[in-house]
Amino acid sequence: MGILGWIVLGLIAGAIAKAIMPGRDPGGIIITMLLGIVGAIIGGFVGRAIFGTDINTFFDLSTWLLAILGSLIVLGVYRMVTGSRARA
1178 MGILGWIVLG LIAGAIAKAI MPGRDPGGII ITMLLGIVGA IIGGFVGRAI
1228 FGTDINTFFD LSTWLLAILG SLIVLGVYRM VTGSRARA
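Position in the sequence shown (first residue = 1) + 1177 = the numbering used here.
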């Protein structure tokens, strides 16, 4: 799957991660979508390294689950970092 596929997958995974983890984000929906792209790429690399899954197909369930999981992790870390900075 090319970089354009990862961007589209990341945008959708970011929106799904935002729906799963609702709340106020310090950056809004645009930052959430960008975090989704980063999370999808990270989830893909981690999935390939740990599970040895082939993540080259766009319509594969494991590709989507890894992208959403990566997006949730990146969104959670982002909220922890920016949330503690906002309170200080």
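Built from N, CA and C at the ideal position, the CB exists for glycine as well.
With a threshold of 16 other CB atoms inside 10 Å of the CB of V1251, please say whether the residue is buried or exposed.
Looking at its Cβ environment, which holds 16 or more other Cβ atoms inside 10 Å, V1251 is buried.
Count the other CB atoms within 10 Å of the CB of A1217; is the residue buried (16 or more) or exposed (fewer)?
A1217 should be labelled buried.
If I'm right that A1190 touches I1227 with Cβ under 8 Å, what's the distance once you round it to whole angstroms?
Going by Cβ atoms, the distance from A1190 to I1227 rounds to 18 Å, so no, they are not a contact pair.
Taking DSSP as the reference, what is the three-state secondary structure of A1265?
Confidence at A1265 is low in this model, with a pLDDT of 49, below 50, so the placement of that residue is unreliable and no value is reported for it.
Would you report the Cα separation of R1201 and G1229, rounded to the nearest angstrom?
Looking at the two C-alpha atoms, the distance is approximately 35 Å.
Run of the alpha helix (DSSP H) containing G1182, from where it starts to where it stops:
Per DSSP, the unbroken alpha helix (DSSP H) holding G1182 starts and ends at 1180 to 1197.
Between the C-alpha atoms of V1223 and T1234, what's the straight-line distance to the nearest angstrom?
C-alpha separation (whole angstroms): 16 Å.
By how many angstroms is the C-alpha of G1204 removed from the C-alpha of I1184?
Straight through space, the alpha carbons of G1204 and I1184 are spaced by roughly 19 Å.
In chain order, what residues of the same chain have a beta carbon less than 6 Å from the beta carbon of G1187, not counting five sequence neighbours either side?
Cβ-Cβ distances below 6 Å link G1187 to G1213, I1214, A1217 in the same chain, with the five nearest sequence neighbours on each side left out; the list follows chain order.
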